[in-house]
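Please read the structure below before turning to the comments.
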Amino acid sequence: MTGAGAAGDGDRPGDDSGGNVFHGPAGVQRGSGNLQVNFHEHRAGVLSACAVALVCVATVVVVWVGGGPDGGPDTRGGTAGVTPGNTDPATAPGTTPPRSDGADPPALTGRLVNVGSGLCLRVPHTADDAVPVQDTCTAAADRTWTLTPRSASTHTLRNAHSGRCLAVTGRQNLSPARQLGCAGGPEGRHWELLWGTGDRAGRFMLRVIGAARCLVVQGPAADRPAAQVSCGEEYDDQWWRLSAPQARSGRIPGVERPG
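For the sequence shown, position 187 (counting from the first letter as 1) is numbered 169 according to our numbering, and the numbering increases by one without interruption.
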């Protein structure tokens, strides 16, 4: 065998003669066909490579098992839980009244008070197409409304004096509200109650089915007509509360008990 420090002509690559040929840290010992590693010379490099490999394997296992970097389900790319925009979560309206007992919402009867003006919605007479206006709050029948559930989130608003229901027939902003017979489909006659929370608790916006606009009375003066506009929760004149002269025992969502 040739000495370790000298390589003869028979030790060149491609030479099939006996002897050891090493290429860097590993080489093939021609005589036996075994892989040899110059471990002592390259020990630090081998150990570093092994450590890096172990870290990579551990990271893959954690992500695969946990589903995300924090060990919880990976929701990236799924449906976002927060709606973008300037919605204030303390006042964002929802269609579910604030009940905790799980019961179906009852029919609500009382006066519809506009939060912006403090005046009540009334109908001047009993004929079809009469436009409701705001006026001082009294216990008169023309200012009394019954909100009757028609689905999980919609109601009709029936005036006690005329027996007719609040409706909107147009789709544009400032289309006037009017009273019509309560029979018929939901479009224009059924309303969603968008309940407030936080500072708006017990208040609601009324959004009509069809045009998807909200009931408003603009201005503080009496006899101002009701109409529909694009819904904006920041405007007081689109918020309403129900003041019931005869509230039943127990708390009814959105109904104020008389003082």
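Beta carbons: idealized from backbone N, C-alpha and C, even for Gly.
- Per the coordinates, the alpha-carbon of A142 lies some 14 Å from the alpha-carbon of A112.
- The three-state reading of DSSP puts R93 in strand, counting E and B together.
- Assignment of R206 by DSSP, reduced to helix, strand and coil, places it in the coil class.
- Linking Q220 to A123 through their CA atoms gives a straight-line distance of about 23 Å.
- Taken atom to atom, the span from the alpha-carbon of L139 to that of C102 is near 14 Å.
- E174 is bridged by DSSP to T136 and R189.
- A straight line joining the alpha-carbon of G100 with that of E174 spans about 21 Å.
- Taking 8 Å as the cut-off, the Cβ atoms of Q161 and V105 count as close.
- L176 sits buried, since 16 or more C-beta atoms from the chains shown fall within 10 Å of its C-beta.
- Of the residues W127, A89 and H107, the one whose Cα lies closest to the Cα of V95 is W127.
- In the same chain as L129, and ignoring 5 residues on each side of it, the C-beta atoms closer than 6 Å to its own belong to L90, H137 and L139, in chain order.
- Judged by beta-carbon spacing, V115 lies beyond the 8 Å limit of D218, meaning their Cβ atoms are not closer than that value.
- Looking at the DSSP output, V198 sits in a beta bridge with A209.
- Your pair R223 and G184 checks out as a contact, with CB atoms roughly 6 Å apart and the cut at 8 Å.
- By the neighbour-count criterion, in which 16 or more other beta carbons inside 10 Å mark a residue as buried, L156 falls on the exposed side.
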